[in-house]
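In full-length UniProt numbering, the protein residues as written are 1 to 129.
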């Protein structure tokens with residue numbers, strides 16, 4: 001059984017986004033963004049990232065849901081007081097959008113929990129005022 005989100009797990013998730021103009025084609029409604037995720041384990045025990053779920057919404061309110069095992073082909077174990085970082089990307093049909101989601105994590109004693117990923121904005125530079 002999966003637990004509800006537990007703030008006592010001490011997992012912090014930071015996101016840094018970038019617009020990739022060299023891979024984008026605005027005339028074809030193709031806007032490519034990368035996002036770098038840093039997951040920090042501030043708890044006292046190792047945790048493993050088992051799976052992810054993303055909800056991606058573009059400026060036309062088109063919603064895409066993405067679920068899968070691990071991230072970038074890995075199911076990393078993050079030791080206490082350490083971080084894991086990876087970069088991935090998404091393609092939108094509009095110059096602005098947003099993403100949010102969660103990871104399913106498991107402690108070294110087999111307890112599973114959700115680590116929430118707060119909503120963040122994807123925007124072409126100067127798209128938002």
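We put the beta carbon where it would ideally sit given N, CA and C, even for glycine.
Asked: Answer yes or no: do residue 119 and residue 98 have a C-beta to C-beta separation smaller than 7 Å?; Found: yes
Asked: Measuring alpha carbon to alpha carbon, tell me which residue in 41, 102, 84, 13 is nearest residue 68.; Found: 102
Asked: Measure the CB-CB distance between residue 50 and residue 104 and report whether it falls below 7 Å.; Found: yes
Asked: Go through the UniProt domain "ApaG" (5-129) residue by residue and report every complete run of the beta strand (DSSP E) that reaches 3 residues or more, in order.; Found: 11-19, 31-41, 47-58, 63-69, 82-92, 96-107, 112-123
Asked: Enumerate in chain order the residues of its own chain whose CB-to-CB distance from residue 92 is below 6 Å, with the five nearest sequence positions on each side excluded.; Found: 31, 58
Asked: Can you list, in chain order, the residues of its chain with a C-beta nearer than 7 Å to that of residue 134? Leave out the 5 residues immediately preceding and following it.; Found: Past the edges of the chain, shown from 1 to 129, lies residue 134, and the structure says nothing about it.
Asked: One question on the structure: do residue 86 and residue 78 come within less than 7 Å of each other, judged by their Cβ atoms?; Found: no
Asked: Judging by CA-CA distance, which residue of 106, 33, 56, 113 is the nearest neighbour of residue 16?; Found: 33
Asked: Can you give me the C-alpha to C-alpha distance between residue 106 and residue 72, rounded to a whole angstrom?; Found: 18 Å
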